[in-house]
Structures are given as structure tokens and as C-alpha cells.
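Add 14 to the 1-based position in the sequence shown for my numbering, that's all there is to it. Following: one structure in C-alpha cells, then a few remarks.
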Amino acid sequence: MYPILVKIGPLTIHTYGFLMAVGVACGLWFIYVQAKKSGLDAVRIMDAAFYTIIISLIGAKLVLFLSNVGYYVSYPRELFSLARSGGVFQGGLAFGTVFALWYFHRKKIPTWKTADLIAPALAMGHGFGRIGCFSAGCCYGTECTLPWAAVFKNQYAAQLTGVHLNEPIHPVQLYEAVLNFLNFGVLFLILKKKRFDGQVFSFYIINYSVIRFFTEYFRGDHGDNIYFIRGASALSSLSYPQLFCILGLVAGAVLFVVLKRRKSAQS
Numbered sequence: 015m016y017p018i019l020v021k022i023g024p025l026t027i028h029t030y031g032f033l034m035a036v037g038v039a040c041g042l043w044f045i046y047v048q049a050k051k052s053g054l055d056a057v058r059i060m061d062a063a064f065y066t067i068i069i070s071l072i073g074a075k076l077v078l079f080l081s082n083v084g085y086y087v088s089y090p091r092e093l094f095s096l097a098r099s100g101g102v103f104q105g106g107l108a109f110g111t112v113f114a115l116w117y118f119h120r121k122k123i124p125t126w127k128t129a130d131l132i133a134p135a136l137a138m139g140h141g142f143g144r145i146g147c148f149s150a151g152c153c154y155g156t157e158c159t160l161p162w163a164a165v166f167k168n169q170y171a172a173q174l175t176g177v178h179l180n181e182p183i184h185p186v187q188l189y190e191a192v193l194n195f196l197n198f199g200v201l202f203l204i205l206k207k208k209r210f211d212g213q214v215f216s217f218y219i220i221n222y223s224v225i226r227f228f229t230e231y232f233r234g235d236h237g238d239n240i241y242f243i244r245g246a247s248a249l250s251s252l253s254y255p256q257l258f259c260i261l262g263l264v265a266g267a268v269l270f271v272v273l274k275r276r277k278s279a280q281s
């Protein structure tokens, strides 16, 4: 675990922020290349992606604030820090999606064709972000007795994120990173063989919902206020992120069916 990547005098580069920037850069590069290959206006799409990233970050931070109002009112500077958290990803995804759809419509950019290019980039960028989470110690896991359990020992990370030190826990951040990179590969293959616009984006929503629902069972950083249903164990509980995953799964499936039928009707 390396929460600080580089420190030179007053200059500190946190690993989380650096990897988040790497994820954004790789995602934008992917979108640009695929837009050119698809015959779309790559410059206009890059403009849209840039604005969407800003709105997504605002949405992610807003949901983070609402999840723990008392703490961020007392420590407002922590809300703007990229040392340990970029915000709540599901909040950023929701805000970013709504804004992007509105922006595409306003600028007359092919909505679902463009969304299909962005979806794999989201999965790839999120993978880098989760590695950043592991480096910072945030979004840490529950107790683990398996051989690959992670043991965090960095005091600075504990101060930033509250991660438990010297205890074997699930490296849940890496679980999600690997699954997001696999999702990127799957979506990229679908992009090459898709049968209708919106197919890739629909699968992204479905796949991510399943990934996040599964990995939530291994999260150890949740307080009681995160649960929609609190059972005697993790398996009998349902967190708010898992509830949003169920809604996302349904929304992705409905979008897939609607767009597929629209394509069939046009044919």
C-alpha cells in the first residue's frame, strides 16, 4: 500500500489521484481512437467526455457528502481531496449519464452510438481507480482467512481512510479492479460485433451492477447507515449500493430490450 506516490518538499502526489488521472487519460484515449474508427466527430465527442467527467466528479462528491453530512460539514476540505476518494462512483455514473444524454441530444451527437464507445472506457478507467483505492486504503474489505488476504500497515493510510491495520482483510478493491478490466475486455468484444446502437452501454450497466452487487459483500468500510436492510450477516443484508445495483440491472435490461426492438422495427 502506497498512499503517497511522490513527495518532494511541499509537493505531494497521492497514488489514488495519480491512478485516477491515468484511468481518465486512458479512457479518453480509447474514446478518441474508437470515435475516429467509427467515423464520428472525435473532437466534439472529446468535448462531451470532458464535460461529462466534470459533472460526474461533482455528482460523485455530492453523493459522498450526503452519505456522511456531519463529517464533511466538520471537515469540508476532505470533500475536495483526491488523496483517498474521488467520491461515490454510482453517484458519478448517474449524474454523468444524465448529463451526457442531455448534451448529446443538444449537440446532435449520435446518442447511443457514442454511449457505446464510452462504456468500455468507463470500465477501464474504473479499474485503475480501484487500484488507486487499494493504494490509499479506502473501500477496504472485511476480515479474510484466505491466502491472498491483504494486511495494511501504513499509518497515514489509516488516518486518511480508517482502514484496519495489521489485520488480514479481503483486497476487495483488487477484486473489483480485475472484474472491471474483464468487463472492459467483454465490452470491447461486444463493441466490435454489436447489432444495434446502445447494446454495449446496456451491457455495461448490467455488468457493472452485477460486479458491484457481488463485491459489496466483501466491503468492510460500511457503517450501519449504509444498509437498506440490516440482517444478522452480510448475506442477509442489503446495502443501498446493492439496492442501486438492482435498479441499475433492471434499467440496463429494459434499455437493452427497448433499443433492440427499436432496431428490429426499423429493419
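Cβ atoms here follow ideal geometry from the backbone N, Cα and C, with glycine treated the same way. Treat the numbers as computed from the prediction; the structure is a model and nothing was measured.
Tell me the DSSP bridge mates of Y12? Because the chain here runs from 15 to 281, residue 12 falls outside it and cannot be looked at.
If we count the other Cβ atoms within 10 Å of its Cβ and call it buried at 16 or more, is T111 buried or exposed? Walking along the sequence shown from the start, residue 111 turns up at place 97. Buried: at least 16 other Cβ atoms inside 10 Å.
Local Cβ density within 10 Å of F94, reported as buried at 16 or more and exposed below that: Here residue 94 corresponds to residue number 80 of the sequence shown, with the count starting at 1. F94 comes out exposed.
Alpha carbon to alpha carbon, what distance is there between D130 and I68? Within the sequence shown, the letter at position 54 stands for residue 68. Within the sequence shown, the letter at position 116 stands for residue 130. Approximately 20 Å between the Cα atoms of the pair.
Could you give the DSSP three-state label for A164: helix, strand or coil? In the sequence shown, counting from the first residue as 1, residue 164 sits at position 150. DSSP places A164 in strand when its eight states are reduced to three.
Would you call Y85 buried or exposed, if buried means 16 or more other Cβ atoms sit within 10 Å of its Cβ? For the purposes of this step, residue 85 is taken as residue 71 along the sequence shown, with counting starting at 1. Exposed.
Per DSSP, what kind of secondary structure is P134 in: helix, strand or coil? Within the sequence shown, the letter at position 120 stands for residue 134. Here P134 sits in helix by DSSP.
Is Y92 helix, strand or coil by DSSP? The sequence position of residue 92 within the sequence shown is 78, counting from 1. The question names Tyr, but residue 92 is Glu in the sequence shown. If DSSP states are grouped into helix, strand and coil, E92 belongs with the helices.
Below 7 Å between beta carbons: does that hold for Y218 and L201? The count along the sequence shown starts at 1 and reaches residue 218 at position 204. The count along the sequence shown starts at 1 and reaches residue 201 at position 187. Against a cut-off of 7 Å, the Cβ pair of L201 and Y218 comes out as a contact.
Considering just the uninterrupted stretch of the alpha helix (DSSP H) at L193, what are its terminal residues? For the purposes of this step, residue 193 is taken as residue 179 along the sequence shown, with counting starting at 1. Here the alpha helix (DSSP H) through L193 covers 186-207.
What's the C-alpha gap between R244 and V224? On the sequence shown, position 230 is the one that residue 244 refers to. On the sequence shown, position 210 is the one that residue 224 refers to. Between R244 and V224, the C-alpha separation is close to 20 Å.
Hey, would you say Y154 sits closer than 7 Å to I183, going by beta carbons? As a first step, residue 154 must be located in the sequence shown, where it is residue number 140. As a first step, residue 183 must be located in the sequence shown, where it is residue number 169. A contact, by the Cβ cut-off of 7 Å.
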